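Peer 1: The structure is given below, and queries will be raised subsequently.
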Amino acid sequence: MFVFRRVKRLIILDNVTNDNHRERDVRLLAAYRPTWLLPSGVPRGVWEYAHSEDIAAEYDESIASTDLVVFDQQVIARYCKLPGLVVDLGCGTGRALIPLLKRGFRGVGVDLSRPMLQAFTEKAKQNGVSVWAIQANIVELDCLQGGIADYCLCLFSTIGMIHGRSNRRRVLEHVRRILKPGGVFIVHVHNVWFQALTAGGRSWLIPHWFQTRILRKGQFGDRFFEYHGIPNVFVHAFTRREFLRDLRSAGLCVRKLIPLAVGRREPLAHSWFFGWLRANGWIAVCERPTET
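With my numbering, letter number 93 in the sequence shown gets 82, and the count goes up by one each step, no holes.
This is the structure:
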């Protein structure tokens, strides 16, 4: 079975080496690539985040205390039962994919960050599992053939780091294309209205709402901020309606929409009561419809 299409400028990392010259070139590319040459949907801050060796080195430690990484593993275990091919978009260091590989699944990890992929392949070797690791922009996934995947993951608001609704919808269209009929897609996003529940959140949300909804400048839910010394890192937070519309517009059937409680360690209780506001975010479990 062929997994990859032949495309230009695709880097497939099966056995990543630490070549000093190559690493220097990657760092220079991150620092000096002009904005007009950035990949589709990738803002400057996200590009620099992806090429930061420090971010990759500290990533596992930085998320270790985050309850979401425990809860989304429970969701994965529930809906990814039978071994098959898993494509993890924004795989990072492999924290979601490697446990599946150890259970007998086959895996393809896709990430824009070469340092993350190096950490991922090294962890895979340490755990005695084989992986395909691809450095690519998840907006541009023509390198993957259609109908190959039994499961697809896009966790920890990876899709929210894509700038522009049309680009995020392209990601979802690729997901539908690469899934087999009946294949399962698990995706996490943040809730923009959750910001209304704290004073600090409201101080951002109210002027942002006025600027985007009244003055029509920018897109509601877009936020740029500094992260670990990197300016203008981008994350888009969704409304519930927007999230569902984007999934359905890509031809994905939403089997389960899980609203997250404040700590993201469990589903939101009594989600019927202003769940669109109270949810910290959502995990959606979707399926590519079976062809009729």
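Built from N, CA and C at the ideal position, the CB exists for glycine as well. Owing to the predicted nature of the structure, the values given are computational and were not obtained by experimental measurement.
What does the alpha-carbon distance come out to for the pair residue 91 and residue 33?
Peer 2: Numbered from its first residue, the sequence shown carries residue 91 at position 102. Numbered from its first residue, the sequence shown carries residue 33 at position 44. Each residue's alpha carbon lies about 36 Å from the other.
Peer 1: Closest to residue 182 by CA distance: which of 233, 270 and 105 is it?
Peer 2: What you label residue 182 is simply residue 193 of the sequence shown in a count that begins at 1. Comparing Cα-Cα distances from residue 182 to each of 233, 270 and 105, the minimum goes to 270.
Peer 1: Inspect the CB distances between the segment 177 to 191 and the segment 122 to 132 and report whether three or more fall short of 8 Å.
Peer 2: No: fewer than three Cβ pairs fall under 8 Å.
Peer 1: With H, G and I counted as helix, E and B as strand and the rest as coil, what does DSSP make of residue 271?
Peer 2: Here residue 271 corresponds to residue number 282 of the sequence shown, with the count starting at 1. Of the three classes helix, strand and coil, the one that applies to residue 271 here is strand, per DSSP.
Peer 1: So what does DSSP say about residue 258, is it helix, strand or coil?
Peer 2: Numbered from 1 along the sequence shown, position 269 holds the residue referred to as residue 258. The answer is coil: DSSP assigns residue 258 none of H, G, I, E or B.
Peer 1: Give the straight-line distance between the Cα atoms of residue 124 and residue 42, rounded to the nearest whole angstrom.
Peer 2: As a working mapping, residue 124 is identified with position 135 in the sequence shown. As a working mapping, residue 42 is identified with position 53 in the sequence shown. Near 15 Å, if we compare the C-alpha coordinates of residue 42 and residue 124.
Peer 1: Which full runs of the alpha helix (DSSP H) of 4+ residues lie inside the segment 29 to 98, going along the chain?
Peer 2: Within the segment 29 to 98, the complete alpha helix (DSSP H) runs of at least 4 residues are 33 to 39, 42 to 52, 57 to 68 and 86 to 91.
Peer 1: If you compare alpha carbons, which of 278, 96 and 59 is closest to residue 170?
Peer 2: To locate residue 170, count along the sequence shown from 1; it is residue 181. Ranking 278, 96 and 59 by Cα distance to residue 170 puts 278 first.
Peer 1: Could you say which of 52, 69 and 45 lies nearest to residue 101 if we only look at CA atoms?
Peer 2: What you label residue 101 is simply residue 112 of the sequence shown in a count that begins at 1. If we check each option's Cα against that of residue 101, 45 comes out closest.
Peer 1: Relative to the alpha-carbon of residue 112, which residue among 235, 57 and 81 has its alpha-carbon at the smallest distance?
Peer 2: In the sequence shown, the residue the question calls residue 112 occupies position 123. Checked all of 235, 57 and 81; the closest Cα to residue 112 is 81.
Peer 1: How far does the alpha helix (DSSP H) with residue 108 in it reach, from first residue to last?
Peer 2: The count along the sequence shown starts at 1 and reaches residue 108 at position 119. From DSSP, the alpha helix (DSSP H) with residue 108 extends over 103 to 115.
Peer 1: Considering only the alpha carbon of each residue, which of 155, 160, 152 and 136 lies closest to residue 143?
Peer 2: Counting from one through the sequence shown, the residue named residue 143 turns up at place 154. Here the closest residue by C-alpha is 160.
Peer 1: Give me the residue from 152, 109, 178 and 164 with the minimum Cα distance to residue 119.
Peer 2: On the sequence shown, residue 119 is found 130 positions in, with the first residue counted as 1. The candidate whose alpha carbon is nearest that of residue 119 is 109.
Peer 1: Are the CB atoms of residue 156 and residue 30 within a distance shorter than 8 Å?
Peer 2: Working through the sequence shown from its first residue, we reach residue 30 at position 41. Working through the sequence shown from its first residue, we reach residue 156 at position 167. Against a cut-off of 8 Å, the Cβ pair of residue 156 and residue 30 comes out as a contact.
Peer 1: Roughly how many angstroms separate the alpha carbons of residue 179 and residue 227, rounded to a whole number?
Peer 2: Counted from its first residue, the sequence shown places residue 179 at position 190. Counted from its first residue, the sequence shown places residue 227 at position 238. Computed Cα separation, rounded: 6 Å.
Peer 1: Since residue 245 sits in a beta bridge, which residues does DSSP pair it with?
Peer 2: For this step, residue 245 is matched to residue 256 along the sequence shown. Residue 245 is bridged to 274.
Peer 1: List in chain order: all unbroken alpha helix (DSSP H) runs of 4+ residues lying wholly within the segment 168 to 196.
Peer 2: Listed in chain order, nothing qualifies, since the segment 168 to 196 has no complete alpha helix (DSSP H) run of 4 or more residues.
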